[in-house]
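In my numbering, the protein residues as written are 124 to 405. Structure first, then comments.
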């Protein structure tokens, strides 16, 4: 754990250095652009054109570097959230970021949860959430309502891919199942009993459990509290990435199961390749 945290702190410092270097490069480029050979002897029109060209170049450069800095800043914040989650019980930063990529799913026969996996609004949930339904709407934490389009599903793995017409900056990435450790702290976000977006915390109790109707060794066992309405929501690791999709629980207390991330990725890519002629998860 200490080595992991140390590596992440080093990565965070590297990102900070990158930001400083980018700022320095910006300053140097602007200075070099401004300190040019003497402009004596050129016409007023040529001078105005040169100044205009320089201004356009500098503006374009500033915009591009600001965009790069914004991207680096997001990665930096994610690393800080991960370090906080690994060194304490503070999932606050990860929860705040994750909630923006969660939707509550309302159908004519029930409700569940889904999570966004791409910037153009593709959403994953359990197939049983959509069972015997004629429509499905996605409700965001901001109370926006979107009609959902079903792209495809797999009843054996109980997984479905949907789409809404909405763009997202905050969407989920996946952790390889081999990197999931027993005892790792995790959180589940869902819509238990229709109460709205709620967060539960626990640990990974076991991996590669056999379960579900398929009886595949494809499930993470967790003690996170799972209730009706949590189905289809993400099980999130301390790095903020998805390690599973909350699937079902036993009648006994504190025994819940989530389909592992490797199975999710493989099946969603299979569905998207067949229906959309592309894969969605790298």
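Positions of the beta carbon are idealized from the N, C-alpha and C atoms, including for glycine.
Where residue i falls: helix, strand or coil (DSSP)
i           : result
residue 244 : coil
residue 250 : helix
residue 335 : coil
residue 227 : strand
residue 398 : helix
residue 148 : helix
residue 236 : strand
residue 273 : strand
residue 260 : strand
residue 172 : helix
residue 187 : helix
residue 125 : The predicted model places residue 125 with a pLDDT of 45, which falls under 50 and marks its position as unreliable; any figure quoted below should be read in that light. Helix at residue 125.
residue 383 : strand
residue 373 : coil
residue 179 : helix
residue 366 : strand
residue 404 : coil
residue 393 : helix
Candidates the options: closest to residue i by CA position
i           : options               : result
residue 380 : 354, 391, 244 and 317 : 354
residue 285 : 279, 309, 239 and 329 : 239
residue 356 : 389, 327 and 237      : 237
residue 411 : 321, 391 and 383      : A question about residue 411 goes unanswered here, because the residues of the chain that appear run from 124 up to 405.
residue 344 : 283, 282 and 309      : 309
residue 278 : 358, 387 and 244      : 387
residue 246 : 256, 219 and 283      : 283
residue 249 : 378, 178, 280 and 190 : 280
residue 341 : 385, 320, 326 and 399 : 385
residue 311 : 360, 183, 253 and 260 : 360
residue 405 : 231, 260, 251 and 241 : 241
residue 328 : 144, 252 and 305      : 305
residue 364 : 172, 287, 220 and 251 : 220
residue 231 : 322, 253, 367 and 218 : 253
residue 217 : 358, 179, 234 and 291 : 358
residue 222 : 321, 331 and 400      : 321
residue 214 : 396, 324 and 352      : 324
residue 378 : 402, 290 and 326      : 326
residue 303 : 259, 382 and 291      : 382
residue 148 : 189, 256 and 396      : 189
residue 287 : 243, 362 and 339      : 243
residue 367 : 300, 233 and 352      : 300
Per DSSP, the bridge partner or partners of residue i
i           : result
residue 345 : 327 and 379
residue 351 : For residue 351, which the question treats as bridged, DSSP gives no partner whatsoever.
residue 358 : 311 and 367
residue 268 : 262
Counting beta carbon pairs with one atom in the region 214-232 and one in the region 257-269, are three or more of them shorter than 8 Å?
Counting Cβ pairs under 8 Å, three or more are found: they touch.
For the structure I just gave you, are there three or more beta carbon pairs, one from the region 268-275 and one from the region 292-299, closer than 8 Å?
Result no; under three Cβ-Cβ pairs closer than 8 Å.
Could you tell me whether the region 369-380 touches the region 318-335, where touching means 3 or more Cβ pairs closer than 8 Å?
Inter-segment contact for the region 369-380 and the region 318-335 is present: three or more beta-carbon pairs are separated by less than 8 Å.
Below 8 Å, can you find three or more Cβ-Cβ pairs linking the region 342-351 to the region 312-331?
Segments in contact, yes.
Please list the segments of the beta strand (DSSP E) lying wholly inside the region 274-335, counting only runs of 3 or more residues, in order along the chain.
Scanning the region 274-335 for uninterrupted beta strand (DSSP E) segments of 3 residues or longer gives 282-286, 308-313 and 321-334, listed from N- to C-terminal end.
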